[in-house]
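Report on the structure given below.
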RNA sequence: GGGCACGUAGCUCAGCGGGAGAGCACUACCUUGACAUGGUAGGGGUCACAGGUUCGAUCCCUGUCGUGCCCA
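In my numbering, the protein residues as written are 198 to 1152.
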């Protein structure tokens, strides 16, 4: 029994249990051992995160694909798991400690802090998984992985060590993006360029050998800078080689104000004569461009800031080297000042001594940390890098050659642009939560990289024995005793960028580096579903790692979906307070409604502006489906085991079989092309506007009538079409369809594992026609399964007949509404000058038409009765005798308007046909179509004119 | 500065070389035997603007204006 009211909350939890108990989503089910696999790896959400709208969209689309392919018979693996999300998670735990006024991480120490993070992971790690389950995600939950699992960590170490051995991972001292708040390096991608209204400071640098005077422009050179505080670290001044103004100064030296250091003026094309004064100060340790300029001219690198962005001068050997006596006065004054306070202080000091020329307002872009939000500081440190440029080459080639394609295609350009200009990937992070880098250092800083500590230490000790730094005896002792080597050999403190482990996800989750059956069977995966915001972070890196270690692309298709925005198109963010919580929508309208909404709005290449009203609308759709199934149940509709819709006799039943085949084809083709919105909309229309509005309504008289073969057949067909609908709708609305599948009949299995209505694409239409036309009992033919062959089933005759009924009913309803005829008033209908076809059809539909168009009687007539409203239905006149009811003048106006419309059509077509070029150039069928249109319009006009004449006679 | 999208009904969006579509909202009527989370009917658009290509442009091309995003 189906409950009277559809309540999503009542069915969703039980259906989740049914799926879980039956292990329906398990990959490698024995019954699918020979099936073709279909694999998707989930973009792993942050283990301590919770479900937001982006997850809801992302996972809905993946689930639709997985359920679709599962029903098409494939062995589906949807690999779930979570990401340790280094910085994000560490920040959350540190914030917790702060809020609870507990000791900070540095006070706790590394080991205790990590225990704390693991505890937090254990507490909150299930949250997002359970939320994904509420959404209906049909992952193989038995295979859940975590990026810091033992197995995945083994993959990370193996990859690091191998890339290092191949020279593709190396340690280098260069400028990195340093986050002075989080105290770690970050990669280029974690830096956000923000436009900031600042100033351009013009500073006077005195030229060596001339007496500096603010009033004598020949005694100094003016440099323009956005960062006056870093001038303490200047090691040069650059001018453009072709800049006449400064030609004579190239090669000369300037005395750095406040510091006293003598630095050279160099000619370099980096300096833009149009910008500022045309001369720039060069600070190689604090600016990426200056770093390059400095390298070209052999300038020194003097870092004047510490890790926290404070000036560090008095204990700074690089800074002090070669400074004259007395210059230390300022060093002591500025030392320890934060960079922004230092800026003001230094500018003030420069002004005091006449070194400040002027200040101009200036808008420029400043790098900010995407997590911390503070200004990123280019900082000179040792970090580990991946040679991304080398790894990128095969990854570029794979997309160029089409082994991996992006959907929509235009994202490939974005991918190429980035990959072709890729920079070394800084992978070390000065954090604790993550995979610790498998590198050990000796006393001279030499690095030993190996998969295990034993191996690294062994290598190191052997090396230092050979170098005679230690004796063989000492080496042996250190090898055996960790305490003895402490202080001599130390492990790298840093951890790897989170995305390093994510890059391995498509194969590490399958058991690599072991050669597991899963790696063999499910790699490469079929499709990756993700948002464009992580194409660089994740997709590109999976391509690189997958190709390098597996020698095959990690996925053949990358489906890039849109961003979910709020109703007004703004990005959802906590600070704006416009976040729509998917769980709240699920509570209110059900997971099915939310899923359907997201699918229906997931048009390729467009962002989704989500309004709750849409979700409500699709909840109503679910209700409609629910009630349609109740209707079928109340009318005892059941499908016999041997039912074949292709052999139904009744026109109405053949029509719905025809329409169902059509819908199956539309949905299947749309899903194959990743056109989720087309698929969802096709189902919406089919269920509501075809099955409910017409099929069930047209069937009602039959169901209310006497029992008989036709009624039996109709009941069976209603049940059959309902089942087809439940199947086709299941990928979009899994809960309600599975629940209705269960309650509407005795079933052998779950809907989630039921066969999809359409034969797989591998069979061509021709093959299917051959199969369906095959002689029964032919021993050479494989047995024909009683599966409805939606690819080839079509019944044009049924379509035409039902089309006529629909048009007739619609026309009558329309004119009744226009004439304000009360629904309770029944009118008669006369079919005027009916063709033989109509004469044959009409009696079959008397009950239906009477009921639906609210008629008292249907008759045939040679001419329209006096005072009748005359309608044109498929070229024939249908008359409603409404003498006394209708307003003759209004009816006359109505007919005249119709005639004018017909005339306009004729005129438009005539215009085209009169154009010789059109007839000559347009395709034959287009011209033919126009001729047919003209003919139809002429006929319509003739009939309407006749009707008007008759009306006139009356007046 | 470079790149990628997008301007279609009041709103959110499909369509994309041969007569403008959907959902929501709106209006009128309907407690009709599945469903008021419903039914029936209806109003509403020089498809941003200007050129060009074409027999024919909402659709292709160019430009302008406007909006959004990415990169430097």
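Every residue gets a Cβ at the ideal spot worked out from N, C-alpha and C, and that includes glycine.
Proximity to residue i [Cα-Cα], best of the options
| i | options | result |
| --- | --- | --- |
| residue 155 | 610, 761, 853, 669 | With the chain covering 198 to 1152 only, the question about residue 155 has no answer from this structure. |
| residue 1092 | 1144, 1075, 1083 | 1144 |
| residue 591 | 617, 581, 406 | 617 |
| residue 1128 | 1148, 1102, 1150 | 1102 |
| residue 869 | 892, 999, 724, 821 | 724 |
| residue 184 | 1078, 552, 825, 377 | Past the boundaries of the shown model lies residue 184; the chain is included only from 198 to 1152, so the question cannot be answered. |
| residue 498 | 448, 359, 370, 465 | 370 |
| residue 649 | 1088, 214, 350, 949 | 350 |
| residue 847 | 912, 863, 819 | 912 |
| residue 451 | 426, 439, 478 | 478 |
| residue 1074 | 408, 716, 1141, 1100 | 1141 |
| residue 1138 | 1116, 1151, 1120, 1095 | 1095 |
| residue 572 | 589, 600, 537, 546 | 537 |
| residue 889 | 866, 838, 823 | 823 |
| residue 582 | 653, 490, 693 | 693 |
| residue 826 | 308, 751, 940, 676 | 940 |
| residue 1083 | 229, 1109, 1121, 1014 | 1014 |
| residue 579 | 525, 504, 820, 391 | 504 |
Strand pairing of residue i, partner residues [DSSP]
| i | result |
| --- | --- |
| residue 1028 | 1057, 1075 |
| residue 575 | 374 |
| residue 276 | 238 |
| residue 420 | 400 |
| residue 745 | DSSP, once it has assigned bridges, lists no residue as partnering residue 745. |
| residue 289 | Paired residue(s): none; residue 289 is not in a bridge. |
| residue 758 | 728 |
| residue 1068 | 1075 |
| residue 392 | 562 |
C-beta atoms of residue i and residue j nearer than 8 Å
| i | j | result |
| --- | --- | --- |
| residue 779 | residue 760 | no |
| residue 856 | residue 887 | yes |
| residue 401 | residue 554 | yes |
| residue 584 | residue 640 | no |
| residue 788 | residue 291 | no |
| residue 695 | residue 280 | yes |
| residue 329 | residue 455 | no |
| residue 926 | residue 880 | yes |
| residue 1003 | residue 891 | yes |
| residue 701 | residue 372 | no |
| residue 630 | residue 344 | no |
Backbone CA spacing between residue i and residue j [nearest angstrom]
| i | j | result |
| --- | --- | --- |
| residue 262 | residue 928 | 7 Å |
| residue 475 | residue 627 | 38 Å |
| residue 323 | residue 288 | 19 Å |
| residue 272 | residue 237 | 11 Å |
| residue 636 | residue 711 | 23 Å |
| residue 535 | residue 305 | 27 Å |
| residue 1136 | residue 1072 | 7 Å |
| residue 418 | residue 492 | 22 Å |
| residue 433 | residue 459 | 9 Å |
| residue 1007 | residue 1068 | 11 Å |
| residue 294 | residue 235 | 44 Å |
| residue 1051 | residue 1016 | 14 Å |
| residue 1118 | residue 1124 | 9 Å |
| residue 864 | residue 996 | 20 Å |
| residue 762 | residue 714 | 41 Å |
| residue 596 | residue 845 | 50 Å |
| residue 901 | residue 893 | 12 Å |
| residue 1097 | residue 1090 | 10 Å |
| residue 332 | residue 704 | 26 Å |
| residue 814 | residue 873 | 18 Å |
| residue 507 | residue 532 | 8 Å |
Query raised in the report: At which residue ranges does the stretch 499 to 582 contain complete alpha helix (DSSP H) runs of 4 or more residues, listed in the order of the chain?
Result: Counting only runs of 4 or more, we get 514 to 517, 525 to 531, 536 to 549.
**Report entry** Whole alpha helix (DSSP H) elements within the stretch 783 to 842, 4-residue minimum
**Finding:** Complete alpha helix (DSSP H) runs here, min 4: 788 to 798, 809 to 831.
Report task. Identify every run of the beta strand (DSSP E) within the stretch 589 to 642, keeping only runs that are complete inside it and at least 3 residues long; order them along the chain. Result -> With a minimum length of 3 residues, the continuous beta strand (DSSP E) runs that stay inside the stretch 589 to 642 are 602 to 604, 636 to 638.
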